[in-house]
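Protein chains in written order, with our numbering: chain Z, 161 to 277; chain W, 169 to 282.
Remarks on the structure that follows.
Rendered as structure tokens:
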């Protein structure tokens, strides 16, 4: 069975600095998708970034980028120029490939990010 | 963008009563909808997966007779918590997916059972 592990329950970063959130996963599949979701205090889940396992290039979305290491099964999220609005709980998630699968997301435990002014 | 709504956003009910939560995809047809439960400061726990017109698939340990899921159309799924008890108090989140795309999440429903 696939598992996702986030080993940092809490992280803090100074405003304008850079922070990296860690995520490891376990799967025997070769084709899958990885996601980072943000859950602010409103509790609305927001997709931050998505990575297809078949792509070697790391995904980026403005200040957010990932370091995807397929062999190591590692998928970290880097937030550059941190802003107060980045404070939230961040979840790493795994999804099997779309073909013939139900789309079930497997979430990590979450990392609470605090941004200090 | 794809929008998913949930109603109600919060509900308080008495122990022993049933409560229904609606999940709607507003601007797309959802082939699959998912129901999650989340306790404070914890991760999302998948309860069940539902496809329009067919029975929901429940995760291990989730009582299907207690958490009734109906996916009546491509834009509406409902979760009914039957004979609710205080331990059912939680935050319930739905999500909807079109084939081959991401899941889009609803804003959640806070259920309090007194």
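Just so it is clear, CB atoms sit at the ideal spot from N, CA and C, and this is done for glycine as well.
Indicate whether residue i and residue j have their beta-carbon atoms separated by less than 8 Å.
i, j, result
"residue 251 (chain Z)", "residue 263 (chain Z)", "no"
"residue 227 (chain Z)", "residue 236 (chain Z)", "yes"
"residue 176 (chain Z)", "residue 194 (chain Z)", "no"
"residue 191 (chain W)", "residue 257 (chain W)", "no"
"residue 277 (chain W)", "residue 189 (chain W)", "yes"
"residue 182 (chain Z)", "residue 162 (chain Z)", "no"
"residue 208 (chain Z)", "residue 198 (chain Z)", "yes"
"residue 264 (chain W)", "residue 201 (chain W)", "yes"
Measure the alpha-carbon distance for residue i versus residue j and round it to whole angstroms.
i, j, result
"residue 118 (chain Z)", "residue 282 (chain W)", "This structure cannot settle anything about residue 118 (chain Z), because the visible part of chain Z is limited to 161 through 277."
"residue 181 (chain W)", "residue 256 (chain Z)", "37 Å"
"residue 238 (chain W)", "residue 267 (chain Z)", "24 Å"
"residue 184 (chain W)", "residue 233 (chain W)", "14 Å"
"residue 190 (chain Z)", "residue 244 (chain Z)", "37 Å"
"residue 249 (chain Z)", "residue 178 (chain Z)", "16 Å"
"residue 235 (chain W)", "residue 174 (chain Z)", "43 Å"
"residue 226 (chain W)", "residue 246 (chain Z)", "34 Å"
"residue 253 (chain W)", "residue 187 (chain W)", "11 Å"
Is there at least one Cβ from chain Z nearer than 8 Å to residue i's Cβ?
i, result
"residue 214 (chain W)", "yes"
"residue 243 (chain W)", "no"
"residue 200 (chain W)", "yes"
"residue 217 (chain W)", "yes"
"residue 207 (chain W)", "no"
"residue 177 (chain W)", "no"
Does the beta carbon of residue i come closer than 8 Å to any beta carbon on chain W?
i, result
"residue 264 (chain Z)", "yes"
"residue 269 (chain Z)", "yes"
TODO: Taking only beta carbons into account, state which residues of the region 261-277 of chain W come closer than 9 Å to chain Z, listed in chain order.
DONE: Residues passing the 9 Å Cβ filter: 261, 263, 265, 267, 268, 269, 270, 271, 272, 273, 274, 275, 276.
Task: chain W contacts from the region 189-207 of chain Z (Cβ-Cβ distance under 7 Å) - done: 203, 204, 205, 207
Open item on the list: Under 9 Å, CB to CB, which of the residues in the region 241-252 of chain Z have a partner in chain W?
Closed with: 249, 251
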